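77 is the number that our numbering gives to position 77 of the sequence shown; each next residue is one higher, with no gaps. Glycine residues also receive a C-beta, built at the ideal position from the N, C-alpha and C atoms. The model shown is predicted, which means the values in this text are computed figures rather than measured ones. Heads up: the structure comes next, in structure tokens.
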Amino acid sequence: MREANELWGHAVKRFLQAAGAALVLGVFAAPAQAVVIGSADSSNSIPFGSTLGGYYYQQIYSAASFASAISISEISFYNSVTPGGAPRAGDFRVYLSTTSADIATFDTNTALPWYDASFTEVFSGALPALAGGRLDLTLSASFNYDPSMGSLLLTVREFTLGGGPGLFLDVYQNDGVTNSRFSAYPYDWNQGLVTGFNATIGGAVPEPATWAMMLIGFAGLGFAARRKALAAV
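Pasting the structure below:
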């Protein structure tokens, strides 16, 4: 009986050491916060599929859509409502910033600047190909967004107005969650691209809560094994 208890004690110690290491690894390897804003109810080609919007496109996202601060490393757009097509050619510049602009009137407010020095450039160059029905922009630098500072503003600039084979991306006709505008002319647009922030990063790594549930399960198996070992003594 004493020998069985000693063996069990050593086994529990090894298990707790391994489980603790796994938990720490899980906490540090947990995926970045992922947020998808909007629900597809239509599609549109501006700004990545056609030049109709002009040189600038901007989209605002309500701060209320973000549960907490987020470090944005990737931006995704979706191609499910009108599949096919490809991004247009051109030298794109993408910026992120915060704004106090009103979402409901964002599309018709011509007093707002299209660009200023406070904008943070996060992408530069040609657009990538569609992959898995989505356009994923891997950012050259992460953008740390704090929703307490205002709504999130996305700015897309492309001066060459290069052509393309008609890419249409998913759009959400909003109810105060998002809105967009373009530089060709002020228009009561009242819609925005469905947008994912960090939507594909680290998805295979369990969250810390998942690790905790796994440890509870392992502990249960351990106690069951101990009972079986004691019954055999």
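C-beta contact flag for residue i and residue j at 7 Å
{"i": "L167", "j": "F66", "result": "no"}
{"i": "F159", "j": "G53", "result": "no"}
{"i": "G192", "j": "R88", "result": "no"}
{"i": "Y172", "j": "V156", "result": "no"}
{"i": "T99", "j": "G150", "result": "yes"}
{"i": "L169", "j": "N79", "result": "yes"}
{"i": "L154", "j": "Q59", "result": "yes"}
{"i": "A63", "j": "P147", "result": "yes"}
{"i": "I75", "j": "L137", "result": "yes"}
{"i": "S124", "j": "R93", "result": "yes"}
{"i": "Y55", "j": "L152", "result": "no"}
Three-state secondary structure assigned by DSSP to residue i
{"i": "A64", "result": "helix"}
{"i": "S148", "result": "helix"}
{"i": "F159", "result": "coil"}
{"i": "F106", "result": "helix"}
{"i": "V36", "result": "strand"}
{"i": "A89", "result": "coil"}
{"i": "N44", "result": "strand"}
{"i": "T242", "result": "There is no way to answer for residue 242, as the model of the chain reaches only from 1 to 233."}
{"i": "A141", "result": "strand"}
{"i": "F168", "result": "coil"}
{"i": "V177", "result": "coil"}
{"i": "T210", "result": "Confidence at T210 is low in this model, with a pLDDT of 38, below 50, so its placement is unreliable and the value that follows should be read with caution. Reduced to three states, the DSSP call for T210 is helix."}
{"i": "V122", "result": "strand"}
{"i": "T195", "result": "strand"}
Spatial distance of residue i from residue j (CA atoms)
{"i": "D116", "j": "G176", "result": "25 Å"}
{"i": "A97", "j": "S71", "result": "The amino acid at residue 97 is misidentified as Ala; the sequence shows Ser. In a straight line, the C-alpha of S97 is about 12 Å away from that of S71."}
{"i": "A104", "j": "I37", "result": "16 Å"}
{"i": "A40", "j": "F77", "result": "11 Å"}
{"i": "G196", "j": "R134", "result": "10 Å"}
{"i": "A129", "j": "V122", "result": "18 Å"}
{"i": "N144", "j": "Y95", "result": "12 Å"}
{"i": "Y57", "j": "Y187", "result": "12 Å"}
{"i": "D91", "j": "A131", "result": "20 Å"}
{"i": "A141", "j": "V35", "result": "18 Å"}
{"i": "N190", "j": "T108", "result": "9 Å"}
{"i": "Y185", "j": "Q33", "result": "35 Å"}
Burial state of residue i (16 or more Cβ within 10 Å)
{"i": "D102", "result": "exposed"}
{"i": "G84", "result": "exposed"}
{"i": "S180", "result": "buried"}
{"i": "G26", "result": "No answer about G26 holds up, because its pLDDT of 40 lies below 50 and its placement is not dependable."}
{"i": "N174", "result": "buried"}
{"i": "N44", "result": "buried"}
{"i": "T178", "result": "buried"}
Residue i CB to nearest heavy atom of the ligand GTP below 6 Å
{"i": "N44", "result": "Among the components of this structure there are no ligands whatsoever, and the ligand GTP is therefore not found."}
Note to self: Does the contact criterion of 3 or more C-beta pairs under 8 Å hold for the segment 195 to 202 versus the segment 116 to 125?
What the structure shows: Judged by Cβ distances under 8 Å, the segment 195 to 202 makes no contact with the segment 116 to 125, as fewer than three pairs qualify.
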